[in-house]
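**Q**
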Amino acid sequence: MKHLSKIMTLVCLAAILLTACGAPATPQTITVKETVTVPETQIVEVPAKQTVVRLSGWASSPSETALLESLLYRFSVENPDIQVKYEPITGDYKQALLTSIASGTEPDIYYIDIFWWQELAKNGVLLPMDDLGVNRDAFVPSLIDAFTFDGKTYGVPKDFNTLGMFYNKDLFDKAGLEYPTDDWTWDNLKEAAAKLTDLSDSTKPVYGFCTPPDPGRFPAFVFQNGGTVMNADNSDTTLDSDAAVQAADFYTSFRAEKIGATPADLGEGWQGTVFGKGQCAMVYEGGWLIPYLRDQFPGIKYGVVMPPAGPAGEGNLIFTVAWGISANTKNPDAAWRVVDFLTNEASQTTVMESGFALPSLASLQGSDYFKNNPNSAAIFNGAFNGAHPFFWGAVGSDVNDEMGKALERIFKENQAVADSLKAASEAIRKAIKEQ
Amino acid sequence: MQAKFSRKKITEAVTGYLFLSPWLFVFIVFSAFSLGYALYLSFTDYNLLKPPVWWGWEGYARVFDNDLFLTKALPNTFKYVLIVVPIQTAISLVLAFAMDQNLRFRKFFRTVFYLPSVTSSVVISLIFVWLFAPQGIFNQITSLTINWLDDPKYAFYVIMGMNIFTTSGTLMLIFLSGLQDISPAIYEAAQIDGADPIQIFFKVTIPMLRPVIFFVVTVGVIGCFQVFDQIFVMTKGGPLDSTTTLTYLIYKWAFRDTTIKMGQASALAVILTLIILVVTFVQRRVIEGSGSTTQ
Numbered sequence: 023m024k025h026l027s028k029i030m031t032l033v034c035l036a037a038i039l040l041t042a043c044g045a046p047a048t049p050q051t052i053t054v055k056e057t058v059t060v061p062e063t064q065i066v067e068v069p070a071k072q073t074v075v076r077l078s079g080w081a082s083s084p085s086e087t088a089l090l091e092s093l094l095y096r097f098s099v100e101n102p103d104i105q106v107k108y109e110p111i112t113g114d115y116k117q118a119l120l121t122s123i124a125s126g127t128e129p130d131i132y133y134i135d136i137f138w139w140q141e142l143a144k145n146g147v148l149l150p151m152d153d154l155g156v157n158r159d160a161f162v163p164s165l166i167d168a169f170t171f172d173g174k175t176y177g178v179p180k181d182f183n184t185l186g187m188f189y190n191k192d193l194f195d196k197a198g199l200e201y202p203t204d205d206w207t208w209d210n211l212k213e214a215a216a217k218l219t220d221l222s223d224s225t226k227p228v229y230g231f232c233t234p235p236d237p238g239r240f241p242a243f244v245f246q247n248g249g250t251v252m253n254a255d256n257s258d259t260t261l262d263s264d265a266a267v268q269a270a271d272f273y274t275s276f277r278a279e280k281i282g283a284t285p286a287d288l289g290e291g292w293q294g295t296v297f298g299k300g301q302c303a304m305v306y307e308g309g310w311l312i313p314y315l316r317d318q319f320p321g322i323k324y325g326v327v328m329p330p331a332g333p334a335g336e337g338n339l340i341f342t343v344a345w346g347i348s349a350n351t352k353n354p355d356a357a358w359r360v361v362d363f364l365t366n367e368a369s370q371t372t373v374m375e376s377g378f379a380l381p382s383l384a385s386l387q388g389s390d391y392f393k394n395n396p397n398s399a400a401i402f403n404g405a406f407n408g409a410h411p412f413f414w415g416a417v418g419s420d421v422n423d424e425m426g427k428a429l430e431r432i433f434k435e436n437q438a439v440a441d442s443l444k445a446a447s448e449a450i451r452k453a454i455k456e457q
Numbered sequence: 000m001q002a003k004f005s006r007k008k009i010t011e012a013v014t015g016y017l018f019l020s021p022w023l024f025v026f027i028v029f030s031a032f033s034l035g036y037a038l039y040l041s042f043t044d045y046n047l048l049k050p051p052v053w054w055g056w057e058g059y060a061r062v063f064d065n066d067l068f069l070t071k072a073l074p075n076t077f078k079y080v081l082i083v084v085p086i087q088t089a090i091s092l093v094l095a096f097a098m099d100q101n102l103r104f105r106k107f108f109r110t111v112f113y114l115p116s117v118t119s120s121v122v123i124s125l126i127f128v129w130l131f132a133p134q135g136i137f138n139q140i141t142s143l144t145i146n147w148l149d150d151p152k153y154a155f156y157v158i159m160g161m162n163i164f165t166t167s168g169t170l171m172l173i174f175l176s177g178l179q180d181i182s183p184a185i186y187e188a189a190q191i192d193g194a195d196p197i198q199i200f201f202k203v204t205i206p207m208l209r210p211v212i213f214f215v216v217t218v219g220v221i222g223c224f225q226v227f228d229q230i231f232v233m234t235k236g237g238p239l240d241s242t243t244t245l246t247y248l249i250y251k252w253a254f255r256d257t258t259i260k261m262g263q264a265s266a267l268a269v270i271l272t273l274i275i276l277v278v279t280f281v282q283r284r285v286i287e288g289s290g291s292t293t294q
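If you read the sequences in order, they're chains A and B.
The numbering used here puts the first residue of the first sequence at 23, with every later residue one more than the last.
The numbering used here puts the first residue of the second sequence at 0, with every later residue one more than the last.
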C-alpha cells in the first residue's frame with residue numbers, strides 16, 4: 023500500500039505538470055502581449071540580415087588556430103553582415119568531417135586535403151566555385167589545377183608546402199664540409215651523408231641522412247629518377263618500374279651502409295625531432311618544420327635547400343590544402359565571400375609572414391619576404407622544380423600503406439628491393455580492382 | 000484475490016519500466032538501433048558520402064577475399080585471445096588467492112593491483128610506449144637494444160603484456176568476491192577429511208569457482224576479441240601489419256581509407272560478433288559442462 027500511494031503521488035505530480043503545459047491560463051496571454059512591443063521589431067532587424075556561416079578545419083597547433091582566428095576577426099570587422107562560426111576539429115579530422123557529411127551536419131566551409139578531396143567531389147558533396155567568381159589566374163597554376171575535377175574548381179588553395187632539404191650547420195662545420203646548395207645531386211648527398219655520420223657515441227649516434235619509411239618522402243626520389251608512383255590517370259601503379267626500384271635502392275642504401283637511419287631506429291616517431299636533437303644531419307621535410315624547430319629547438323642552426331637532383335633532374339612533392347564549400351550550404355554567396363577573403367593577398371601575406379605555410383597566390387612569388395627568408399624560399403621554389411602533387415587517386419591510402427610497408431620490409435626483413443616493390447604493386451592493383 | 004494480485008503486478012511492471020526507461024532509451028538508441036543498422040549496412044555499398052546501396056553478400060565476399068583479413072587480422076586476433084586470456088586468468092586467480100590470505104598490507108596490495116584497471120587505457124598505452132622505446136627504461140634495465148614497438152617480432156607481445164597488466168586487476172577483484180563466497184564450512188570439511196592445501200585448492204576452490212571462472216574467461220575473451228584502443232595509440236596496426244586485429248581493420252576500412260568501405264567494415268563487424276558468439280558458446284560447454292557442480 024505504501025508503494026501504491028507513492029505511485030499515486032507521482033501520477034498526480036505528472037498530471038499537474040501535464041495540465042500546466044497543455045492548457046495555458048489567461049494571465050500568460052497578458053505577458054505575451056507585453057513582449058509584442060516596438061523594441062522587438064528593432065531587435066529582429068539585425069540578426070535577420072546577419073548570415074551565419076560555419077567554418078571548420080583541423081587544429082594542428084594553437085598558434086595556427088590563433089592565426090586563423092585573427093583573420094576571421096578581421097573579416098568580421100569588414101563584413102558585419104556575415105557571422106563566421108569557427109569550429110576547429112581536434113583529433114581525426116577526416117573521420118569527423120565524413121561522419122558530419124553522412125549525417126548532413128557538415129560545416130559550410132571546410133579544409134579539403136589534396137590527398138583525399140576528389141572523393142568528395144566525385145560524390146557531389148562539394149560545391150563547384152566557378153560560378154561564384156573564383157579567379158583561377160590569380161593562383162599558382164599547379165595548385166589550382168590540383169583542386170580541379172571534371173573541369174570545375176572545387177577548392178581554393180589556401181597555402182602549400184613542398185619538401186626542402188634541411189641541414190644542420192653545426193654538424194656540417196664539425197665535419198668540415200661546405201653547406202649544401204640547390205645544385206646538389208644524389209652523389210653529393212651520399213658523400214656528405216658518409217662524412218657526417220659519427221657513431222662513436224653509442225648513446226647519441228649521429229647519422230648523415232634520415233630515410234623514414236614514409237610515403238610522403240620517398241616518392242621525391244622516384245620523381246628525381248624519372249619515375250612515377252601512379253600512371254597518368256591513377257588507374258595503375260608504376261612502383262615496380264625500373265625507375266622506382268632504382269630510387270628505392272638508392273633510398274634504402276643509406277641505412278644499409280649505416281650512414282642513414284629511420285626515426286624509429288633513434289626512438290622517435292618523426293624525423294623532425296631527430297633533426298632537432300642533432301642526430302640526423304640532413305632531412306627532407308616541409309615548411310612545417312620551421313615553426314616546430316623555432317618552438318622546440320630554438321638553439322639549432324640550420325639551413326634549407328631544394329632536394330638534390332637525381333639522374334633525371336629535380337623531383338619534389340606538393341602538399342596543399344584548400345577551402346571547400348559544402349554543396350548543402352544555404353548561403354553559398356556568404357561562404358564564398360569568406361573563402362575569398364581568407365585567400366586574398368592581405369590574408370596570405372599575414373600567413374606567409376608567420377612562417378606557417380607558403381602563399382598560393384602567384385602575385386606573392388616575388389615578395390620581399392622570400393629575399394629575407396632563404397629557408398622559406400627554398401621550399402617555395404620547390405614547387406616549380408619537378409614537383410608532383412601528393413595524390414594517388416581513389417586508393418591513395420592503400421598506395422601509401424603499401425609504399426610504407428615495402429620500405430619497412432626492406433629495412434626490417436632485408437627483403438630484396440625489387441621483390442618488395444613488386445609485392446606492394448600487386449597489393450595496390452588488387453585494391454584498384456575492388457573499386 | 001486473483002484480480003488484485005494481477006493489478007499489483009501490472010503496476011509493478013509499469014513502475015519497473017518507468018525506472019528503467021532512461022537506461023532503456025539509451026540502450027535502444029545507442030546500442031540496439033546501431034546494431035540493427037550495422038547489420039543492414041553490412042549488406043550495402045556505403046562510402047558515407049552517398050546513401051547506402053544494397054549489394055547483398057558482396058561485402059562479406061570481399062572480406063573473405065581480403066589478404067589483410069585472412070593473413071593478418073584473423074590470425075593475429077586469435078593469437079591475441081589464446082595468449083592473453085589464459086595468462087590473465089591465471090595471474091588474476093593467483094593474485095586473488097594471495098589477497099584472500101591473511102597477509103600484512105593486504106588492502107594496500109589490493110589497491111596497487113587494481114590501480115591499472117581504473118587508469119585510462121590511452122594513458123597506460125603512452126606509458127608503455129615510453130617504457131619500451133629504444134632508449135626507454137626497459138631497454139636500459141635489461142641492457143637490450145631492441146626497438147620493441149617498431150619490430151614486427153615483438154610489438155604485438157608488448158601490447159599483449161600491457162593488456163594482461165591492465166585487466167588482471169579487475170579480474171582479480173571478481174575472483175576475490177568469488178573466493179569469499181565459498182562457505183568456510185566446505186574448507187573445514189575438507190580439512191577434517193585430511194586434504195592438504197594443494198588438494199583443497201584444486202579439489203575445492205577451483206570447482207567452487209567454476210561459475211566465476213566462466214564469467215572471467217568470457218569477459219576476457221570478449222574484451223580480447225575487441226582490443227582496439229591500445230593498438231590505435233601504440234602501433235596503428237603496424238609495423239608491417241603485425242598488430243592489425245579485426246577491430247583495427249574495421250576502423251581502417253570504415254574511417255581511414257581514402258575510399259571509405261563502410262559496408263565491408265560492417266560485414267566484418269557482424270562476422271566478429273558471430274565469432275565471439277560461437278566462441279562463448281563453445282567455452283560455456285567446456286567450462287560448465289566438464290564438472291559435476293554445474294548450477
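Virtual Cβ for every residue (Gly too), placed ideally from N, Cα, C.
Just so we're clear, the structure is a prediction, and the values are computed from it rather than from any experiment.
Measure the Cβ-Cβ separation of F188/A and E375/A and say whether it is below 9 Å.
**A** The answer is no: Cβ separation not under 9 Å.
**Q** Answer with buried or exposed for F42/B, where buried requires no fewer than 16 other C-beta atoms within 10 angstroms of its C-beta.
**A** Buried.
**Q** Are Y132/A and G346/A touching if we call contact CB-CB under 9 Å?
**A** Yes; because the gap between Cβ atoms is below 9 Å, this pair is in contact.
**Q** Which of helix, strand or coil does DSSP assign to D228/B?
**A** Reduced to three states, the DSSP call for D228/B is helix.
**Q** Once you ignore the five residues that flank M159/B on each side, which residues in its own chain have a CB closer than 6 Å to its CB?
**A** Once the five neighbours on either side are set aside, the close Cβ partners of M159/B are I82 and V83.
**Q** Since I believe Q225/B is in contact with V62/B (beta carbons under 8 Å), could you give me their beta-carbon distance rounded to a whole number of angstroms?
**A** Going by Cβ atoms, the distance from V62/B to Q225/B rounds to 17 Å, so no, they are not a contact pair.
**Q** Give the DSSP-derived three-state secondary structure of N190/A in the structure shown.
**A** N190/A falls in the strand class under three-state DSSP.
**Q** At 3 residues or longer, and completely inside the stretch 104–140 of chain B: list those beta strand (DSSP E) runs for me, N to C.
**A** For the stretch 104–140 of chain B, not a single whole beta strand (DSSP E) run of length 3 or above is found.
**Q** What would DSSP say about T53/B, mapped onto helix, strand or coil?
**A** As written in the sequence, residue 53/B is Trp, which differs from the Thr given in the question. In this structure, W53/B counts as strand in the three-state DSSP scheme.
**Q** Does any C-beta atom of chain A lie closer than 9 Å to the C-beta of Q229/B?
**A** Taking Cβ atoms only, chain A never reaches closer than 9 Å to Q229/B, which makes this a no.
**Q** Grouping DSSP H, G and I as helix and E and B as strand, with all else coil, what is E213/A?
**A** Three-state result, E213/A: helix.
**Q** Tell me which same chain residues have a C-beta within less than 7 Å of the C-beta of A72/B, skipping the five on either side of it?
**A** These residues qualify, in order along the chain: T243, T244, L245 and L248.
**Q** Using the Cα positions of I52/A and S265/B, report the straight-line distance between them to the nearest angstrom.
**A** A caution first: I52/A carries a pLDDT of 46, below 50, which makes its placement in the model unreliable, though a value can still be read off. Approximately 57 Å, taken between the alpha carbons.
**Q** Do you know how far the Cα of V244/A is from the Cα of G335/A?
**A** Approximately 11 Å between the Cα atoms of the pair.
**Q** S419/A: which of V269/B, I230/B, F254/B and A154/B sits nearest, CA to CA?
**A** The residue with the shortest Cα to Cα distance from S419/A is F254/B.
**Q** When the Cα of A453/A is compared with those of I134/A, W414/A and A438/A, which residue comes out closest?
**A** Of the listed residues, the one whose Cα sits closest to A453/A is W414/A.
**Q** Could you tell me which chain A residues have their CB closer than 8 Å to the CB of L239/B, listed as they occur along the chain?
**A** K427, E430, R431, K434 and E435, listed in chain order.
**Q** For chain A, is any of its Cβ atoms less than 9 Å away from the one on K49/B?
**A** Judged by the 9 Å Cβ criterion, K49/B is in contact with chain A.
**Q** Does the CB of N75/B have a neighbour CB from chain A at under 9 Å?
**A** Answer no: the Cβ-Cβ gap between N75/B and chain A never drops below 9 Å.
**Q** Counting only the same chain and skipping the five closest in sequence on each side, list residues whose C-beta sits under 7 Å from that of K226/A.
**A** Cβ within range, chain order: Q301.
**Q** Are N338/A and G408/A closer than 9 Å when you measure CB to CB?
**A** Going by C-beta atoms, N338/A is nearer than 9 Å to G408/A.
**Q** Could you give the DSSP three-state label for Q282/B: helix, strand or coil?
**A** Reduced to three states, the DSSP call for Q282/B is helix.
**Q** Nearest-angstrom Cα distance between Q198/B and Y186/B?
**A** About 11 Å.
**Q** Taking DSSP as the reference, what is the three-state secondary structure of I104/A?
**A** Three-state DSSP puts I104/A in a strand.
**Q** In the DSSP assignment, the beta strand (DSSP E) including G346/A goes from what residue to what residue?
**A** That run of the beta strand (DSSP E) goes N338 to I347.
**Q** Kindly indicate which residue of F171/A, D271/A and K352/A has the alpha-carbon position closest to the one of E430/A.
**A** The option with the nearest alpha carbon to E430/A is D271/A.
**Q** To the nearest whole angstrom, what separates the beta carbons of L120/A and W358/A, a pair I think is in contact under 8 Å?
**A** L120/A to W358/A, Cβ: 23 Å. No contact.
**Q** P235/A and V251/A look like a contact to me (Cβ under 8 Å); what is the Cβ gap, rounded to whole Å?
**A** Between V251/A and P235/A the Cβ distance is about 15 Å, and since that is not below 8 Å, they are no contact.
**Q** For T43/B, which three-state DSSP category applies?
**A** Correct three-state label for T43/B: strand.
**Q** Check for me: the alpha helix (DSSP H) holding L102/B runs from which residue to which?
**A** Element bounds for L102/B: n/a, residue is neither H nor E.
**Q** Could you give the DSSP three-state label for T73/A: helix, strand or coil?
**A** Residue state, collapsed to three classes: strand.
**Q** From the DSSP output, read off the bridge partner residues of K174/A.
**A** Per DSSP, F171/A.
**Q** When you compare only the Cα positions, how much space is there between D150/B and M151/A?
**A** The straight-line gap from Cα to Cα measures roughly 48 Å.
**Q** Would you grab the beta carbon distance between A6/A and F182/A for me? Rounded to a whole angstrom, and I think it's under 8 Å.
**A** Summary: the structure shown does not reach residue 6/A, with chain A confined to residues 23 through 457, and so no result is reported for it.
**Q** Among all the DSSP beta bridges, which residues are the ones paired with M304/A?
**A** DSSP, once it has assigned bridges, lists Y189/A and F231/A as partnering M304/A.
**Q** K323/A: which of K196/A, S348/A, S98/A and L148/A sits nearest, CA to CA?
**A** Residue K196/A is the option with its Cα nearest to K323/A.
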